[in-house]
Structures are given as structure tokens and as C-alpha cells.
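Position one of the sequence shown corresponds to residue 1 (full-length UniProt numbering), numbered consecutively onward.
Beta carbons are placed, not taken as given, at the ideal position from N, Cα and C, and that holds for glycine.
Remember, it's a predicted structure, so these values are computed and weren't measured experimentally.
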Amino acid sequence: MSHFVAPSLLAADFRHLDKAIELVNTSDADWFHLDVMDGRFVPNISFGQFIVEQIAERAEKYVDVHLMIEDPGRYIESFARAGASGITVHAEACPHLHRVIQQIREAGVKAGVALNPHTPVSQLENVIEELDVVVVMTVNPGFGGQKFIYQSIPKIRQLADLIAVQNSRALIEVDGGIGLQNAQKVLEAGARVLVAGSAVFGADDPADVITRLKAIDAN
Ligand code: DX5
Ligand code: ZN
Numbered sequence: 001m002s003h004f005v006a007p008s009l010l011a012a013d014f015r016h017l018d019k020a021i022e023l024v025n026t027s028d029a030d031w032f033h034l035d036v037m038d039g040r041f042v043p044n045i046s047f048g049q050f051i052v053e054q055i056a057e058r059a060e061k062y063v064d065v066h067l068m069i070e071d072p073g074r075y076i077e078s079f080a081r082a083g084a085s086g087i088t089v090h091a092e093a094c095p096h097l098h099r100v101i102q103q104i105r106e107a108g109v110k111a112g113v114a115l116n117p118h119t120p121v122s123q124l125e126n127v128i129e130e131l132d133v134v135v136v137m138t139v140n141p142g143f144g145g146q147k148f149i150y151q152s153i154p155k156i157r158q159l160a161d162l163i164a165v166q167n168s169r170a171l172i173e174v175d176g177g178i179g180l181q182n183a184q185k186v187l188e189a190g191a192r193v194l195v196a197g198s199a200v201f202g203a204d205d206p207a208d209v210i211t212r213l214k215a216i217d218a219n
């Protein structure tokens with residue numbers, strides 16, 4: 001089964017956002033990954049609907065919006081309107097997770113839930129059937145350029161088992177510290193979507209890194 005590559009624009013040069021968008025559009029990448037941070041759920045503040053809309057208008061690929069915000073249910077509608085193809089919320093930010101997932105689906109976009117490194121896979125047992133994507137955070141969310149947490153590998157396997165047992169369509173997405181040095185390992189564990197920020201935009205030739213991430217054969 002082939003996998004998807006989702007460059008995170010957080011690591012792009014925002015003075016030349018059009019170039020970063022063009023680069024992803026013309027590369028072997030499959031998705032745009034957009035990191036929304038509110039300075040509450042995570043310490044950092046990034047960007048909101050306005051920037052997502054600017055990017056989505058020009059994106060020719062799936063727009064994957066990762067909401068690292070408190071009370072994300074309040075904003076599902078507006079991010080869907082801004083042009084998201086899929087919206088991911090954090091399990092830790094949602095006391096009524098099932099309801100928020102329904103809201104995402106009613107907004108007509110793909111539904112994702114992200115798990116912080118300390119959050120067990122078992123949290124998803126009763127919602128996995130409703131999900132298109134599960135994001136395994138392989139760093140603590142909030143910043144790009146952090147070190148990959150190796151304990152994530154058995155967690156990806158556990159999640160792959162849960163998905164198989166419940167016959168869910170959910171794709172496993174990994175986010176944080178992903179690059180050419182560990183992509184093969186996470187794919188072998190069961191990941192299907194590779195988010196990469198600094199590994200792509202920090203490279204001399206970002207398109208080449210995308211091509212190489214896409215070409216990894218994990219079977
Ligand atoms: C982390 C974000 C990531 C981040 C990944 O909080 O969710 O998507 O941009 O960046 P790298 O690949 O540099 O870890
Ligand atoms: Zn992200």
C-alpha cells in the first residue's frame with residue numbers, strides 16, 4: 001500500500017508563501033499540512049482561518065488542517081469554509097469528542113483526531129469507526145523542528161491493530177520529527193501519511209526530499 005506525504009507549511013518561509021504553495025503543488029507531495037495553534041492548547045500561536053483560506057485557494061491538493069486549539073468545536077464550520085479538505089482535532093481538547101467528530105463530518109470534510117504522546121490509543125476505541133484519519137503525534141505539539149519520540153513506534157503498531165480489529169478506514173498519520181532517517185520505520189509500523197516540516201523546508205532541495213519520502217518502499 002502506498003503512502004502519502006504531507007509537507008507542513010509551518011516550516012516554510014512565510015515571506016514567500018506563494019513559493020511554498022507552488023513547491024508543494026508541483027512536487028510529489030499528496031497533502032498540504034496546516035498547523036493551527038492558539039497559544040492555549042499549545043504554547044505557540046501560528047495562524048488561523050484567514051491564512052488557511054489564502055493557502056487553500058491556491059492549493060491543488062488535499063488540505064489537511066491540524067487544529068491545536070482549545071474547544072475546537074467552535075471553529076469547525078469556519079475552517080471548513082476556509083477550504084479545509086480534512087480537519088483534525090486533539091482528543092485532549094475535546095471532552096465531547098464524539099460530538100466534535102460528528103460536527104466535522106456534518107461540515108462535509110474528512111474527520112481526524114490527534115493523540116499527544118502521552119494519550120493512549122485506547123481513547124479511540126469508541127470512535128475509531130467514525131474517523132478518516134488518526135494523527136499520532138511523534139513530538140509534543142507546538143513547534144516544528146523537534147526530536148522524534150521513539151516510543152511512538154509501538155503506539156503506531158497498537159493503533160494499526162485497533163484499526164484492523166474494528167475494520168476502520170482510518171489512515172494513520174504521523175506528525176513531528178519525521179524525515180528520511182525514520183520514515184521507513186514509521187511506515188513499517190503502519191503509518192500511511194508522513195507529515196514533514198523542517199525535513200522538507202529546511203533542506204536545500206525541498207522537492208527532492210518530498211520525492212525521496214514518497215519513494216520509500218515499506219513493504
Ligand atoms: C507540531 C506540528 C507539526 C510540525 C512538524 O506541533 O503539528 O506539524 O509542523 O514539524 P517538523 O516536521 O519540523 O517536526
Ligand atoms: Zn501538525
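ask   = Do L131 and L162 have their CB atoms nearer than 8 Å?
value = no
query = Rounded to the nearest angstrom, how far is the Cβ of I156 from that of V186, given a contact under 8 Å?
reply = 6 Å
ask   = Looking at the structure shown, is F79 part of a helix, part of a strand, or coil, going by DSSP?
value = helix
request  = Leaving aside the five residues before and after G197 along the sequence, list all residues of the same chain whose C-beta is less than 6 Å from its C-beta, in chain order.
outcome  = S8, L10, A11 and G144
query = Got a sec: does ligand 1 put a non-hydrogen atom nearer than 7 Å to the Cβ of D187?
reply = Residue identity check: residue 187 is Leu in the sequence provided, not Asp. L187 Cβ: outside cutoff for every heavy atom of ligand 1.
message = Give me the pocket residues for ligand 2, defined as CB within less than 5 Å of any heavy atom, sorted by chain position.
response = D35, H66 and D175
query = DSSP state of K147, grouped into three classes?
reply = coil
key: V24 - DSSP class collapsed to helix/strand/coil   = helix
inquiry  = If distances are taken between C-alpha atoms only, which option among A91, K61, D18 and D64 comes closest to F41?
reply    = A91
message = Using 8 Å as the cut-off, can you tell me whether the segment 89-108 makes contact with the segment 53-64, which would need three or more C-beta pairs spanning the two stretches below that distance?
response = no
message = Looking only at its chain, what residues have a beta carbon closer than 7 Å to the beta carbon of I51, apart from the 5 residues adjacent to it on each side?
response = none
query = CB-CB under 7 Å to I128, same chain, minus the five flanking residues each way: which ones, in chain order?
reply = L162, I163, Q166, S168 and A170
ask   = Between S8 and ligand 1, is the CB less than 7 Å from at least one heavy atom?
value = yes
request  = Report the residue from H3, V5, I101 and D13 whose alpha carbon sits nearest the alpha carbon of D204.
outcome  = D13
query = F148: which of S46, A189, K214 and M137 sits nearest, CA to CA?
reply = M137
query = Can you find a heavy atom of ligand 1 that lies under 7 Å from the Cβ of Q166?
reply = no
key: Proximal residues to D175 (C-beta, below 6 Å), its chain only, five neighbours per side dropped   = V135, M137 and V195
message = With a threshold of 7 Å (Cβ to nearest heavy atom), would S78 be considered close to ligand 3?
response = No copy of ligand 3 appears in this structure; the ligands present are ligand 1 and ligand 2.
message = Could you compute how far the alpha carbon of H3 sits from the alpha carbon of R74?
response = 32 Å
inquiry  = I'd like the list of long-range same chain contacts for residue 230, defined as Cβ closer than 6 Å, with 5 residues on each side in sequence excluded.
reply    = Residue 230 lies beyond the stretch modelled for the chain, which goes from 1 to 219, so this question has no answer here.
ask   = Do you know how far the Cα of P154 is from the Cα of A189?
value = 7 Å
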